[in-house]
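S.K.:
In full-length UniProt numbering, the protein residues as written are 1 to 374.
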């Protein structure tokens, strides 16, 4: 009898377990079906959007982004600042062969922006290049714009300078910028500029540098890839600074992989407003590299020429200190006020902190990894 009871007991437990298992499996199947029903449309839409984006890179990116062709054309800038001709005249005086037909080579391939009747107080130059692994420009611009008050838009201009030599990379960046920052472009805060490729012809001349030992198939001296990338950066900055100095009273060099403190713009504009009493050649928001460096327009104009004339000697972040040290001491409006060759811009809350930090691990030079230190 005990054995009979025990057998019935185990049969009952097995039956209950089987029922629970079947119910659990049924619930799992229901959840799985619901998940698939939800996931498939989302995945399909994501794939479809990606296909549309790729198609529009070459054909219709302005339409895909609800940015009509007519309005895009209306914002295409064609006027060239008068200072650009003076810039080219000065370059021709020292090295006419450096940039052949300089003025024509300085006419941008594309310049989108809102025409202003007067110079702004601050121009921020932001060279952007499609990086091999990860893009930072969206995050950089988003954080930067969060700290800029709407009333300061009329005082500020951000030039996004697309430096890629590959057209597909430029189109992809245009797609990204118009998708997320269309309102700022329409409002006149952001300009987009693609430089004229003829400006860079000297970089393609194997005889342009004798400092590098690498040779081409013809035996002529050529720059190694990293050195050419470094040389091109000097050309990029010179082109951008030439325009920046003509469009604003002060110019600040930025990079597309940096983040700035919320006090960045208040501190920068405070230095600009006090310039007559406390003049400077350089005001820096960080001691790192060439990012976060602000110059008065006249000095920016001269620095652009300096970088161009010595483009194959040193990288830009080694050249600008030589330029700053060579400049005459700035004069204050009143001799009783202070002047400074280099003004250090610091966080108002933590005076030992920089206002800007480098945050890009993957360099714009393919294969280069950058150590990030905070």
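Yeah, the Cβ is synthetic: ideal placement off N, Cα and C, and Gly gets one too.
1) Go ahead and label residue 217 buried or exposed: buried means 16 or more other beta carbons lie within 10 angstroms of its beta carbon, across all protein chains shown.
2) DSSP three-state call for residue 279: helix, strand or coil?
3) With C-beta atoms as the reference, is residue 112 less than 8 Å away from residue 191?
4) Taking the DSSP output, what are the residues bridged to residue 340?
5) Report yes if the C-beta of residue 259 is less than 7 Å from at least one heavy atom of the ligand SAM; otherwise report no.
6) Less than 7 Å between C-beta atoms, sequence neighbours within five positions excluded: which residues of the same chain meet that for residue 241?
7) Residue 313: buried (16+ other C-beta within 10 angstroms of its C-beta) or exposed?
8) Expressed to the nearest angstrom, what Euclidean distance is found between the alpha-carbon atoms of residue 129 and residue 159?
9) What are the boundary residues of the beta strand (DSSP E) that includes residue 194?
10) Between residue 286 and residue 140, how many whole angstroms is the CB-CB distance? I'm expecting something under 8 Å.
11) Quick one: give me the first and last residue of the beta strand (DSSP E) that residue 250 is part of.
12) So, residue 265 versus residue 356, is the Cβ gap smaller than 8 Å?
13) Quick one: Cα of residue 319 to Cα of residue 310, how far?
14) Is the CB-CB distance between residue 324 and residue 236 below 8 Å?
15) Could you tell me the distance, in whole angstroms, from the CA atom of residue 205 to the CA atom of residue 227?
16) For residue 143, report the span of its alpha helix (DSSP H) as first-last.
17) Closest to residue 182 by C-alpha separation, out of 114, 194 and 245, would be which residue?
18) Count the other CB atoms within 10 Å of the CB of residue 234; is the residue buried (16 or more) or exposed (fewer)?
19) State the beta-bridge partners of residue 301 as determined by DSSP.
20) Determine the DSSP secondary structure at residue 292, reduced to helix, strand or coil.
21) Do residue 108 and residue 193 have their beta-carbon atoms positioned less than 8 Å apart in this structure?
22) Nearest CA to the CA of residue 245: which residue from 122, 100, 78 and 74?
23) Using a Cβ-Cβ cutoff of less than 8 Å, which residues in the same chain neighbour residue 197 once the five nearest sequence positions on both sides are dropped?
24) Can you name the start and end residues of the beta strand (DSSP E) that residue 111 belongs to?
25) Between which residues of its own chain and residue 327 is the CB-CB distance below 6 Å, once the five residues before and five after are set aside?
26) Report yes if the C-beta distance between residue 157 and residue 184 is below 8 Å; otherwise report no.
27) Thinking just about the alpha-carbon of each residue, which of 120, 343, 288 and 170 is nearest to the one in residue 316?
28) Can you tell me the Cα-Cα spacing of residue 54 and residue 346, whole angstroms?
29) Measure from the alpha carbon of residue 180 to the alpha carbon of each residue in 143, 201 and 150, then state which is nearest.
30) Only counting the same chain, and skipping five residues up and downstream in sequence, which positions put a Cβ closer than 8 Å to that of residue 269?
31) Nearest-angstrom Cα distance between residue 284 and residue 321?
32) Is DSSP giving residue 125 helix, strand or coil here?
33) Out of curiosity, what's the CA-to-CA distance linking residue 117 and residue 168?
34) Could you compute how far the alpha carbon of residue 105 sits from the alpha carbon of residue 253?
M.R.: With the structure as the only source:
1) The count along the chain shown starts at 1 and reaches residue 217 at position 217. Low confidence applies here, because residue 217 scores a pLDDT of 41, under 50, leaving its location unreliable and the question unanswered by this model.
2) In the chain shown, residue 279 corresponds to position 279, counting from 1. DSSP places residue 279 in coil when its eight states are reduced to three.
3) Numbered from its first residue, the chain shown carries residue 112 at position 112. Numbered from its first residue, the chain shown carries residue 191 at position 191. Yes, the Cβ-Cβ distance between residue 112 and residue 191 is below 8 Å.
4) Locating residue 340 in the chain shown gives position 340, where the first residue counts as 1. DSSP lists 280 as partners of residue 340.
5) Summarising the ligand content, the structure contains no ligands, and the ligand SAM is consequently not present.
6) In the chain shown, residue 241 corresponds to position 241, counting from 1. Closer than 7 Å at the Cβ level, and outside the excluded window around residue 241, lie 125, 251, 300, 303 and 304.
7) As a working note, residue 313 is residue 313 in the chain shown. Per the 10 Å Cβ criterion, exposed.
8) Taking the first residue of the chain shown as position 1, residue 129 is located at position 129. Taking the first residue of the chain shown as position 1, residue 159 is located at position 159. Looking at the two C-alpha atoms, the distance is approximately 14 Å.
9) Residue numbering aside, residue 194 sits at position 194 when the chain shown is read from its first letter. Segment 190 to 194, the beta strand (DSSP E) holding residue 194.
10) The sequence position of residue 286 within the chain shown is 286, counting from 1. The sequence position of residue 140 within the chain shown is 140, counting from 1. The pair is not a contact, with the Cβ atoms about 14 Å apart (cut-off 8 Å).
11) What you label residue 250 is simply residue 250 of the chain shown in a count that begins at 1. The continuous beta strand (DSSP E) containing residue 250 extends over residues 248 to 253.
12) As a position in the chain shown, residue 265 is number 265, starting the count at 1. As a position in the chain shown, residue 356 is number 356, starting the count at 1. In this structure, residue 356 does not lie closer than 8 Å to residue 265 by Cβ.
13) As a first step, residue 319 must be located in the chain shown, where it is residue number 319. As a first step, residue 310 must be located in the chain shown, where it is residue number 310. Residue 319 and residue 310: Cα-Cα distance of roughly 8 Å.
14) For the purposes of this step, residue 324 is taken as the residue at position 324 of the chain shown. For the purposes of this step, residue 236 is taken as the residue at position 236 of the chain shown. Contact flag unset, no.
15) Residue 205 sits at position 205 when you count from the first residue of the chain shown. Residue 227 sits at position 227 when you count from the first residue of the chain shown. Their backbone Cα atoms lie some 14 Å apart in a straight line.
16) Locating residue 143 in the chain shown gives position 143, counting from the first residue. Per DSSP, residue 143 belongs to the alpha helix (DSSP H) from 137 to 146.
17) The residue given as residue 182 occupies position 182 in the chain shown. Considering only alpha carbons, the answer is 114.
18) Residue numbering aside, residue 234 sits at position 234 when the chain shown is read from its first letter. It counts as buried.
19) One-based indexing of the chain shown puts residue 301 at position 301. Beta-bridge pairing links residue 301 to no other residue.
20) The sequence position of residue 292 within the chain shown is 292, counting from 1. In the three-state scheme derived from DSSP, where H, G and I count as helix and E and B as strand, residue 292 is classed as coil.
21) To locate residue 193, count along the chain shown from 1; it is residue 193. To locate residue 108, count along the chain shown from 1; it is residue 108. Closer than 8 Å, so yes.
22) Taking the chain shown and counting its residues from 1, one reaches residue 245 at position 245. Comparing Cα-Cα distances from residue 245 to each of 122, 100, 78 and 74, the minimum goes to 122.
23) What you label residue 197 is simply residue 197 of the chain shown in a count that begins at 1. Taken in chain order, the residues that qualify are 109 and 165.
24) The sequence position of residue 111 within the chain shown is 111, counting from 1. Element bounds for residue 111: 110 to 112.
25) Indexing the chain shown from 1 puts residue 327 at position 327. Answer for residue 327: 281, listed in chain order.
26) In the chain shown, counting from the first residue as 1, residue 157 sits at position 157. In the chain shown, counting from the first residue as 1, residue 184 sits at position 184. Result no, Cβ atoms of residue 157 and residue 184 do not sit closer than 8 Å.
27) Position 316 of the chain shown holds residue 316. Answer by Cα proximity: 288.
28) The sequence position of residue 54 within the chain shown is 54, counting from 1. The sequence position of residue 346 within the chain shown is 346, counting from 1. Low confidence applies to residue 54: its pLDDT is 40, below 50, so where it sits in the model is not reliable enough to give any reading.
29) For the purposes of this step, residue 180 is identified with residue 180 of the chain shown, where counting begins at 1. Of 143, 201 and 150, the residue nearest in Cα terms is 143.
30) The residue given as residue 269 occupies position 269 in the chain shown. Hits under 8 Å: 121, 122, 152 and 155.
31) Along the chain shown, one-based indexing puts residue 284 at 284. Along the chain shown, one-based indexing puts residue 321 at 321. Distance between the alpha carbons of residue 284 and residue 321 is about 12 Å.
32) For this step, residue 125 is matched to residue 125 along the chain shown. Strand at residue 125.
33) On the chain shown, residue 117 is found 117 positions in, with the first residue counted as 1. On the chain shown, residue 168 is found 168 positions in, with the first residue counted as 1. Their Cα atoms are separated by approximately 34 Å.
34) Within the chain shown, numbered from 1, the residue matching residue 105 stands at position 105. Within the chain shown, numbered from 1, the residue matching residue 253 stands at position 253. Here the alpha carbon of residue 105 sits roughly 22 Å from the alpha carbon of residue 253.
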